[in-house]
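In the UniProt record's numbering, the protein residues as written are 1 to 234. The structure appears right after this line, and notes come after that.
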(Lines of atoms letter the chains of each structure in order from A and count residues from 1; the text may use other names and numbers.)
(Lines give C-alpha, C1' and ligand atoms only; values in the text may rest on other atoms or scores of the structure.)
Protein backbone atom coordinates (compact mmCIF):
# COMPACT_ATOMS: atom_id res chain seq x y z
CA UNK A 1 0.00 0.00 0.00
CA UNK A 2 2.76 2.43 1.01
CA UNK A 3 4.69 1.59 -2.17
CA UNK A 4 1.61 2.33 -4.28
CA UNK A 5 1.02 5.61 -2.48
CA UNK A 6 4.63 6.66 -3.02
CA UNK A 7 3.99 6.25 -6.77
CA UNK A 8 0.91 8.48 -6.53
CA UNK A 9 -1.76 5.76 -6.45
CA UNK A 10 -4.40 5.39 -3.75
CA UNK A 11 -3.82 1.65 -3.49
CA UNK A 12 -2.52 -1.49 -5.19
CA UNK A 13 -5.59 -1.86 -7.44
CA UNK A 14 -5.22 1.67 -8.77
CA UNK A 15 -1.49 1.10 -9.34
CA UNK A 16 -2.19 -2.15 -11.18
CA UNK A 17 -4.73 -0.50 -13.47
CA UNK A 18 -2.33 2.35 -14.18
CA UNK A 19 0.44 -0.10 -15.13
CA UNK A 20 -1.93 -2.03 -17.43
CA UNK A 21 -2.96 1.22 -19.09
CA UNK A 22 0.65 2.27 -19.56
CA UNK A 23 1.56 -1.14 -21.05
CA UNK A 24 -1.40 -1.01 -23.47
CA UNK A 25 -0.52 2.51 -24.56
CA UNK A 26 3.10 1.45 -25.09
CA UNK A 27 2.01 -1.52 -27.24
CA UNK A 28 -0.30 0.64 -29.34
CA UNK A 29 2.52 3.10 -29.90
CA UNK A 30 4.90 0.28 -30.89
CA UNK A 31 2.34 -1.28 -33.27
CA UNK A 32 1.63 2.10 -34.82
CA UNK A 33 5.29 2.53 -35.72
CA UNK A 34 5.86 -1.07 -36.90
CA UNK A 35 6.69 -1.40 -40.59
CA UNK A 36 4.56 -3.66 -42.76
CA UNK A 37 7.03 -6.11 -44.35
CA UNK A 38 4.93 -8.80 -46.04
CA UNK A 39 1.22 -9.67 -45.79
CA UNK A 40 0.59 -9.82 -42.01
CA UNK A 41 4.29 -9.70 -41.05
CA UNK A 42 5.61 -6.53 -39.40
CA UNK A 43 9.02 -5.26 -38.35
CA UNK A 44 8.09 -5.93 -34.69
CA UNK A 45 7.61 -9.68 -35.22
CA UNK A 46 10.22 -12.06 -33.85
CA UNK A 47 11.77 -14.61 -36.22
CA UNK A 48 9.69 -17.30 -34.54
CA UNK A 49 6.47 -15.36 -35.19
CA UNK A 50 7.56 -14.67 -38.78
CA UNK A 51 8.25 -18.38 -39.33
CA UNK A 52 4.81 -19.30 -38.01
CA UNK A 53 3.05 -16.68 -40.10
CA UNK A 54 4.89 -17.71 -43.28
CA UNK A 55 4.23 -21.40 -42.69
CA UNK A 56 0.54 -20.79 -42.05
CA UNK A 57 0.27 -18.56 -45.12
CA UNK A 58 1.78 -21.31 -47.30
CA UNK A 59 -0.30 -24.05 -45.67
CA UNK A 60 -3.49 -22.11 -46.40
CA UNK A 61 -2.42 -21.54 -50.02
CA UNK A 62 -1.85 -25.29 -50.48
CA UNK A 63 -5.06 -26.31 -48.72
CA UNK A 64 -7.23 -23.86 -50.63
CA UNK A 65 -5.60 -24.61 -53.99
CA UNK A 66 -5.96 -28.39 -53.54
CA UNK A 67 -9.60 -27.93 -52.54
CA UNK A 68 -10.26 -26.33 -55.94
CA UNK A 69 -8.87 -29.16 -58.06
CA UNK A 70 -11.28 -30.69 -60.57
CA UNK A 71 -9.43 -33.99 -60.98
CA UNK A 72 -11.30 -35.07 -64.11
CA UNK A 73 -10.32 -31.81 -65.80
CA UNK A 74 -6.79 -32.13 -64.46
CA UNK A 75 -6.50 -35.60 -66.01
CA UNK A 76 -7.69 -34.20 -69.34
CA UNK A 77 -5.07 -31.43 -69.14
CA UNK A 78 -2.33 -33.97 -68.43
CA UNK A 79 -3.40 -36.00 -71.46
CA UNK A 80 -3.37 -32.89 -73.68
CA UNK A 81 0.14 -31.98 -72.51
CA UNK A 82 1.36 -35.55 -72.99
CA UNK A 83 0.40 -35.48 -76.68
CA UNK A 84 1.91 -32.06 -77.43
CA UNK A 85 4.80 -32.07 -79.93
CA UNK A 86 6.06 -28.85 -78.33
CA UNK A 87 5.35 -27.03 -75.06
CA UNK A 88 5.92 -23.36 -74.32
CA UNK A 89 5.83 -22.09 -70.73
CA UNK A 90 5.41 -18.35 -70.10
CA UNK A 91 5.60 -16.31 -66.90
CA UNK A 92 7.07 -13.19 -65.34
CA UNK A 93 8.91 -12.68 -62.06
CA UNK A 94 8.11 -15.36 -59.50
CA UNK A 95 5.84 -17.13 -61.98
CA UNK A 96 8.79 -17.40 -64.38
CA UNK A 97 10.73 -19.26 -61.67
CA UNK A 98 7.86 -21.72 -61.32
CA UNK A 99 7.78 -22.13 -65.09
CA UNK A 100 11.51 -22.71 -65.33
CA UNK A 101 11.31 -25.42 -62.66
CA UNK A 102 8.50 -27.16 -64.57
CA UNK A 103 10.40 -26.91 -67.85
CA UNK A 104 13.43 -28.68 -66.37
CA UNK A 105 11.24 -31.48 -65.05
CA UNK A 106 9.42 -31.94 -68.36
CA UNK A 107 12.65 -31.98 -70.36
CA UNK A 108 13.98 -34.66 -68.02
CA UNK A 109 11.18 -37.00 -69.13
CA UNK A 110 11.54 -36.30 -72.82
CA UNK A 111 9.30 -33.33 -73.63
CA UNK A 112 10.38 -30.54 -75.96
CA UNK A 113 9.95 -27.37 -73.94
CA UNK A 114 10.76 -23.67 -74.30
CA UNK A 115 10.74 -21.45 -71.22
CA UNK A 116 12.48 -18.16 -71.91
CA UNK A 117 12.73 -15.29 -69.42
CA UNK A 118 12.99 -12.63 -72.13
CA UNK A 119 9.49 -11.42 -72.99
CA UNK A 120 10.42 -10.67 -76.61
CA UNK A 121 11.59 -14.27 -77.03
CA UNK A 122 8.40 -15.51 -75.35
CA UNK A 123 6.35 -13.57 -77.90
CA UNK A 124 8.48 -14.84 -80.78
CA UNK A 125 8.05 -18.46 -79.70
CA UNK A 126 4.28 -17.95 -79.23
CA UNK A 127 3.70 -16.87 -82.82
CA UNK A 128 5.52 -19.99 -84.09
CA UNK A 129 3.37 -22.51 -82.21
CA UNK A 130 1.21 -24.92 -84.20
CA UNK A 131 -1.99 -26.84 -83.73
CA UNK A 132 -1.38 -29.56 -81.15
CA UNK A 133 1.30 -27.55 -79.35
CA UNK A 134 0.61 -26.38 -75.80
CA UNK A 135 1.32 -23.10 -74.08
CA UNK A 136 1.29 -23.15 -70.26
CA UNK A 137 0.83 -19.55 -69.12
CA UNK A 138 1.56 -18.89 -65.45
CA UNK A 139 0.24 -15.62 -64.02
CA UNK A 140 -1.58 -15.20 -60.72
CA UNK A 141 -3.19 -11.92 -61.76
CA UNK A 142 -3.88 -13.11 -65.30
CA UNK A 143 -3.54 -9.53 -66.49
CA UNK A 144 0.16 -9.09 -67.32
CA UNK A 145 0.17 -7.71 -70.85
CA UNK A 146 3.22 -9.75 -71.92
CA UNK A 147 1.59 -13.04 -70.88
CA UNK A 148 -1.77 -12.09 -72.38
CA UNK A 149 -0.10 -11.12 -75.67
CA UNK A 150 1.65 -14.50 -75.83
CA UNK A 151 -1.60 -16.33 -75.06
CA UNK A 152 -3.39 -14.42 -77.82
CA UNK A 153 -0.65 -15.33 -80.31
CA UNK A 154 -0.65 -18.99 -79.26
CA UNK A 155 -4.41 -19.28 -79.54
CA UNK A 156 -4.37 -17.60 -82.96
CA UNK A 157 -1.89 -20.24 -84.15
CA UNK A 158 -4.16 -23.07 -83.00
CA UNK A 159 -2.16 -24.06 -79.91
CA UNK A 160 -3.89 -25.08 -76.68
CA UNK A 161 -3.52 -22.50 -73.91
CA UNK A 162 -3.45 -23.76 -70.32
CA UNK A 163 -3.48 -21.02 -67.68
CA UNK A 164 -2.27 -21.45 -64.11
CA UNK A 165 -3.93 -18.43 -62.54
CA UNK A 166 -6.18 -17.14 -59.77
CA UNK A 167 -9.95 -17.43 -59.59
CA UNK A 168 -10.41 -13.78 -60.55
CA UNK A 169 -11.82 -12.93 -63.96
CA UNK A 170 -8.94 -11.83 -66.17
CA UNK A 171 -7.90 -11.55 -69.83
CA UNK A 172 -5.74 -14.68 -69.50
CA UNK A 173 -8.54 -16.68 -67.94
CA UNK A 174 -10.86 -15.74 -70.80
CA UNK A 175 -8.25 -16.70 -73.41
CA UNK A 176 -7.33 -20.08 -71.95
CA UNK A 177 -8.79 -23.37 -73.16
CA UNK A 178 -8.12 -24.82 -69.70
CA UNK A 179 -7.45 -23.18 -66.34
CA UNK A 180 -5.79 -24.54 -63.22
CA UNK A 181 -6.83 -22.36 -60.31
CA UNK A 182 -4.54 -21.25 -57.51
CA UNK A 183 -5.31 -19.46 -54.25
CA UNK A 184 -2.92 -17.24 -52.30
CA UNK A 185 -3.55 -15.59 -48.94
CA UNK A 186 -1.16 -12.75 -49.73
CA UNK A 187 -2.49 -9.22 -49.59
CA UNK A 188 -2.03 -6.76 -52.44
CA UNK A 189 1.06 -5.44 -50.60
CA UNK A 190 3.72 -8.11 -50.37
CA UNK A 191 7.50 -8.13 -50.43
CA UNK A 192 7.59 -11.27 -52.60
CA UNK A 193 5.14 -13.77 -54.11
CA UNK A 194 5.84 -16.44 -51.49
CA UNK A 195 2.54 -18.24 -51.00
CA UNK A 196 1.60 -17.57 -54.63
CA UNK A 197 4.65 -19.53 -55.78
CA UNK A 198 3.85 -22.25 -53.24
CA UNK A 199 0.37 -22.66 -54.75
CA UNK A 200 1.69 -22.56 -58.32
CA UNK A 201 4.39 -25.12 -57.55
CA UNK A 202 1.79 -27.48 -56.11
CA UNK A 203 -0.03 -27.36 -59.46
CA UNK A 204 3.07 -27.78 -61.63
CA UNK A 205 4.41 -30.61 -59.47
CA UNK A 206 1.07 -32.39 -59.80
CA UNK A 207 1.20 -31.99 -63.58
CA UNK A 208 4.71 -33.43 -63.65
CA UNK A 209 3.89 -36.46 -61.51
CA UNK A 210 0.73 -37.05 -63.56
CA UNK A 211 2.80 -37.05 -66.76
CA UNK A 212 5.32 -39.45 -65.23
CA UNK A 213 2.46 -41.75 -64.27
CA UNK A 214 1.05 -41.75 -67.82
CA UNK A 215 4.29 -43.17 -69.19
CA UNK A 216 5.77 -44.55 -66.01
CA UNK A 217 8.28 -47.10 -67.34
CA UNK A 218 9.92 -44.84 -69.94
CA UNK A 219 9.74 -41.78 -67.69
CA UNK A 220 11.49 -43.58 -64.85
CA UNK A 221 14.18 -44.81 -67.25
CA UNK A 222 14.88 -41.24 -68.36
CA UNK A 223 14.91 -39.97 -64.77
CA UNK A 224 17.40 -42.70 -63.88
CA UNK A 225 19.63 -41.90 -66.88
CA UNK A 226 19.51 -38.22 -65.96
CA UNK A 227 20.53 -39.01 -62.41
CA UNK A 228 23.40 -41.22 -63.56
CA UNK A 229 24.72 -38.55 -65.92
CA UNK A 230 24.63 -35.79 -63.31
CA UNK A 231 26.37 -38.06 -60.82
CA UNK A 232 29.29 -38.28 -63.25
CA UNK A 233 29.67 -34.50 -63.08
CA UNK A 234 30.49 -34.58 -59.36
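Yeah, the Cβ is synthetic: ideal placement off N, Cα and C, and Gly gets one too. In this text, all values refer to a predicted model and were calculated from it rather than measured experimentally.
Given residue i as reference, the closest of the options once Cα atoms are compared
{"i": "residue 178", "options": "46, 224 and 73", "result": "73"}
{"i": "residue 176", "options": "202, 102 and 147", "result": "147"}
{"i": "residue 141", "options": "100, 112, 95 and 131", "result": "95"}
{"i": "residue 202", "options": "46, 62, 56 and 33", "result": "62"}
Simplified DSSP assignment, three categories, for residue i
{"i": "residue 178", "result": "strand"}
{"i": "residue 237", "result": "What is shown of the chain runs 1 to 234, which leaves residue 237 out entirely."}
{"i": "residue 88", "result": "strand"}
{"i": "residue 220", "result": "helix"}
{"i": "residue 93", "result": "coil"}
{"i": "residue 105", "result": "helix"}
{"i": "residue 205", "result": "helix"}
Residue(s) in a DSSP beta bridge with residue i
{"i": "residue 163", "result": "137 and 179"}
{"i": "residue 81", "result": "None, per the DSSP bridge assignment."}
{"i": "residue 132", "result": "In the DSSP output, where bridge partners are listed per residue, residue 132 has none listed."}
{"i": "residue 113", "result": "87"}
8 Å contact criterion, which residue i and residue j should meet: CB distance rounded
{"i": "residue 184", "j": "residue 165", "result": "With 8 Å as the limit, residue 184 and residue 165 do not qualify as a contact, their Cβ atoms being about 11 Å apart."}
{"i": "residue 134", "j": "residue 81", "result": "6 Å"}
{"i": "residue 198", "j": "residue 58", "result": "4 Å"}
{"i": "residue 98", "j": "residue 204", "result": "6 Å"}
{"i": "residue 102", "j": "residue 181", "result": "That belief does not hold up - the Cβ atoms of residue 102 and residue 181 are roughly 17 Å apart, past 8 Å."}
{"i": "residue 235", "j": "residue 77", "result": "Residue 235 lies beyond the range of the chain shown here (1 to 234); nothing can be said about it."}
CB contact below 8 Å: residue i versus chain E
{"i": "residue 162", "result": "This model lacks chain E altogether; it includes just one protein chain."}
**Study point:** the region 118-130 / the region 149-156 touching (three or more Cβ pairs under 8 Å)
**Key:** yes
Decide if the region 50-57 is in contact with the region 157-177; the criterion is three or more beta carbon pairs, one per stretch, under 8 Å apart. no
- Query: For the 8 Å Cβ check, are there 3 or more pairs between the region 78-90 and the region 135-150?
  - Reply: yes
Does the count of Cβ pairs from the region 101-118 and the region 208-216 closer than 8 Å reach three?
yes
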